[in-house]
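Since the structure comes first, as C-alpha cells, the remarks are kept for the end.
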C-alpha cells in the first residue's frame with residue numbers, strides 16, 4: 007500500500023499521459039492473463055459439456071474412469087501422509103539442531119522440484135524395473151513395483167516431496183526454538199512439545215503445504231506416466247485416463263479433465279482463503 | 117545454544133534421510149551409475165543421433181525463448197498487480213497460480229483444443245497462415261504457459277518491498293517515467309528477474325504433460341527431449357539411451373538449481389546493502 011501511495015504522490019495528481027499509460031498497462035496485463043490462462047480453463051469446461059450434460063455424466067461414470075478416480079485417491083492417500091510426516095520431520099531436524107551437511111540436506115529436499123518428472127520416473131525404472139538394480143530380486147519375491155501401485159506412489163512421493171517441508175522450514179526457522187526449549191525446562195517430553203507447542207504454531211502452514219502437495223499428487227502426469235504401464239482400469243490414474251481417452255473420445259477426455267480442473271479451482275480457492283486469513287505465517291514465494 | 121537441546125533429532129533426521137535415501141538418492145544414483153557405465157564414448161553414441169540432437173535443440177531452444185517471454189509478461193503482470201488497484205485484481209492475482217495447480221495433461225489438451233485448426237483460436241489464426249498446434253510455436257506456447265507463475269511469484273514480494281525513495285529521487289532529478297523504469301527499477305530488479313528466468317527455464321526444459329499434446333511429436337521437428345525419454349522406455353525398451361538423455365537433462369537441472377542459489381544469495385546481499 008505504501009508503494010502505491012508513494013507512486014501516486016509523485017508529482018501530485020498524475021498527468022493524463024501517465025494515467026493513460028497506467029490504464030494501458032493494466033489492460034495489457036489483464037489481456038495476457040485472459041488469453042494465456044482463462045481461455046484454456048474455459049475451453050476445458052466447454053469441451054466437457056459440448057455433447058450435453060447426459061454425455062458428461064455418462065463419461066465420468068464409465069467403470070474405467072471410476073477405477074481411475076479410486077486409484078488417484080489411493081495414491082494420494084498414501085503419498086500425501088508420507089510427505090506430511092516427511093515435511094514435519096525434515097523441518098524439526100533442520101530448524102532445531104545444528105549438524106554437519108545441513109545445507110546439503112536442504113538442497114536435497116528441494117531437488118525434486120528441479121528434476122524433470124519424466125527423468126524421475128525413468129530413475130525409478132532403473133532401480134525397480136525388470137532390468138533395474140532390484141528387478142530380479144523383486145521378481146523372485148513376487149513383488150511388482152513398476153507398472154503397479156508401489157511405483158505410482160514412489161513417483162508421486164518423489165515429485166511432491168518438497169511441498170510441505172518448504173512451507174514449514176522457513177516458518178519454524180523464523181519462530182526459533184525458544185518456546186520448545188521453555189516447554190522442555192517445564193518438564194514436557196518430546197511428543198508433548200511437538201503436539202502442544204510446535205504443531206499448533208505451524209498448523210496453517212502445514213495445511214497449506216498439504217493442499218498444494220495433494221493437488222500435485224492427484225494431477226501428476228509425467229513421472230506417473232513412465233512407471234504406470236497404462237493398464238486400463240488397473241494402473242491408470244485420472245490424468246493418465248485423460249491421456250488415453252484423448253486418443254479415442256475427445257469429449258469424454260475433457261469430461262474427465264474437467265474433474266481435475268474443478269479440483270484445481272477448489273485448491274486455488276482454499277489456497278487464497280488460507281493466504282488471506284493466515285498470510286503472516288505462510289511463505290508466499292511460489 | 118548447545119548442539120542438541122531438544123529431543124527427537126535421531127527420529128526426525130532418521131525418517132528424513134530414509135525417505136530422501138529411498139525416494140531420491142537411490143534413483144539418482146541408479147541414473148548416474150547407468151550413465152557412467154556407458155562411458156563418455158558410449159554416452160556420446162547414444163546422444164549424438166539426429167533424432168536426439170534435434171529434440172535437445174528444440175527443448176533447450178524453445179525453453180530459453182519461452183523463459184525470456186515469461187520474464188517480459190511476468191514483469192508486466194507483477195508490476196500491475198503490485199502497483200495498481202483495479203477491479204478483479206484479486207481474481208487476477210489468484211489466477212496466476214493456475215499453471216502451478218492445473219494438472220499438466222489437462223493444460224496440454226486444453227491448449228491443443230484451443231489452437232487446433234478447428235479450435236477457438238486456431239480457426240481464427242489459420243486464415244492468417246499461422247499454425248500453432250503441432251508446430252514448434254505450440255511447444256513455445258505451452259512452455260510460456262507453465263513458466264509464467266515462476267516469474268510473477270518471484271517478482272511480487274521484491275516489488276512490494278522496493279522502497280520508492282529512489283524513484284522519487286530520480287523524479288526530482290528530472291527523470292522521465294521511462295528513465296525511472298530503465299535506469300532505476302530495472303537494475304534493482306535484475307537479480308530477481310534472472311532468478312525467475314532460471315526457474316521458468318528449468319520448468320520448461322523438463323516439462324512433459326503440457327507440451328506433448330500440442331507439439332504433435334513430429335519426427336525431427338516437434339519432439340521434445342522428455343518425449344524421447346518416454347519413447348525410449350515405453351516402446352523401445354532402450355534404458356541406456358533413456359539414461360544417457362536423462363543424464364543431460366539432470367545436469368541441466370542441477371546447473372540451473374545452482375544458478376538459482378547463487379542468484380538468491382546475490383538478491384539477498386543486494387537487499388542488505390540497500
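Protein chains in written order, with this note's numbering: chain A, 7 to 292; chain B, 117 to 390. Each residue gets a CB set at the ideal place from its N, CA and C atoms; glycine is no exception. Keep in mind that this is a model prediction, so the values were computed, not measured.
As assigned by DSSP and simplified to three states, the class of residue 233/B:
coil
Comparing the C-beta of residue 142/A with each C-beta of chain B, is any distance below 9 Å?
no
Measuring only the C-alpha atoms, how far is residue 319/B from residue 140/B?
18 Å
Name the chain B residues that come within less than 9 Å of residue 245/A, Cβ to Cβ?
219, 220, 221, 222 and 325
Give the DSSP-derived three-state secondary structure of residue 245/A in the structure shown.
Helix.
Burial state of residue 202/A, where buried means 16 or more other Cβ atoms lie within 10 Å:
exposed
Indicate the three-state DSSP secondary structure (helix, strand or coil) for residue 254/B in the structure shown.
Per DSSP, reduced to three states, the secondary structure at residue 254/B is helical.
Could you list the residues in the stretch 193 to 224 of chain A with a C-beta less than 9 Å from some C-beta on chain B, going in chain order?
Listed by position along the chain: 195, 196, 197, 199, 200, 218, 221, 222 and 224.
Would you say residue 175/A reaches chain B, if we count a Cβ-Cβ gap shorter than 9 Å as a contact?
The Cβ of residue 175/A sits no closer than 9 Å to any Cβ of chain B.
Of the residues that make up the stretch 358 to 383 of chain B, which ones have a beta carbon closer than 7 Å to any beta carbon in chain A?
358, 359, 362, 365, 366, 369, 372 and 373
Could you check how far apart the C-beta atoms of residue 259/A and residue 225/B are, in whole angstroms? I think they sit under 8 Å.
6 Å
May I have a chain-ordered list of the alpha helix (DSSP H) segments no shorter than 4 residues that lie completely inside the stretch 137 to 183 of chain A?
141 to 146, 155 to 166 and 168 to 181
Determine the extent of the alpha helix (DSSP H) in which residue 288/B is found, giving its start and end residues.
281 to 288
Starting from residue 354/B, find everything on chain A with Cβ-Cβ shorter than 9 Å and list it in chain order.
In chain order: nothing, as chain A lies at least about 11 Å away.
Same chain, Cβ closer than 7 Å to residue 283/A, five either side skipped, listed in chain order:
none
Proximity test, Cβ basis, 9 Å: residue 150/B and chain A:
yes
Could you check where the alpha helix (DSSP H) with residue 273/A kicks off and where it finishes?
256 to 284
Pick out the complete alpha helix (DSSP H) segments inside the stretch 307 to 345 of chain B, 4 residues or longer, and give them in chain order.
Listed in chain order, they are 325 to 331.
Option in 123/A, 48/A, 124/A and 185/A with minimal Cα separation from residue 207/A:
185/A
Under a three-way DSSP split, which group does residue 240/A fall into?
In this structure, residue 240/A counts as coil in the three-state DSSP scheme.
With a cut-off of 8 Å, do at least 3 Cβ pairs link the stretch 38 to 57 of chain A to the stretch 226 to 236 of chain B?
With three or more CB-CB distances shorter than 8 Å, the stretch 38 to 57 of chain A counts as touching the stretch 226 to 236 of chain B.
How big is the Cα-Cα spacing for residue 124/B and residue 35/A?
49 Å
For the stretch 55 to 127 of chain A, list the alpha helix (DSSP H) runs that are entirely contained and at least 4 residues long, ordered along the chain.
58 to 66, 69 to 102 and 108 to 120
9 Å Cβ cutoff, residue 69/A in contact with chain B:
At a cut-off of 9 Å between beta carbons, residue 69/A makes no contact with chain B.
Do residue 241/A and residue 154/A have their C-beta atoms within less than 9 Å of each other?
yes
Any residues in the stretch 18 to 37 of chain A with a beta carbon nearer than 8 Å to a beta carbon of chain B? Which ones, in chain order?
Of all residues in the stretch 18 to 37 of chain A, 24, 27, 28, 31, 32, 34, 35 and 36 have a Cβ within less than 8 Å of some Cβ in chain B.
On the three-pair Cβ rule with 8 Å, is the stretch 220 to 234 of chain A touching the stretch 52 to 59 of chain A?
no
Any residues in the stretch 236 to 247 of chain B with a beta carbon nearer than 8 Å to a beta carbon of chain A? Which ones, in chain order?
236 and 237
Return the first residue and the last residue of the alpha helix (DSSP H) that residue 204/A is part of.
No alpha helix (DSSP H) contains residue 204/A, which DSSP labels as neither H nor E.
Could you give the residue range of the alpha helix (DSSP H) that holds residue 230/A?
228 to 234
Under a Cβ-count criterion, where at least 16 other Cβ atoms within 10 Å of its own Cβ denotes burial, should residue 221/B be classed as buried or exposed?
buried
Check distances from the C-beta atoms of the stretch 260 to 280 of chain B to those of chain A and list, in chain order, the residues that come in under 9 Å.
260, 261, 264, 265, 266, 269, 270, 272, 273, 275, 276, 277, 278, 279 and 280
Return the CA-CA distance between residue 162/B and residue 273/B, expressed in angstroms with no decimal places.
44 Å
Return the first residue and the last residue of the alpha helix (DSSP H) that residue 193/B is part of.
166 to 199
Among 341/B, 271/B and 280/B, which has the Cα closest to the Cα of residue 383/B?
271/B
What three-state label does DSSP hand residue 272/B in the structure shown?
helix
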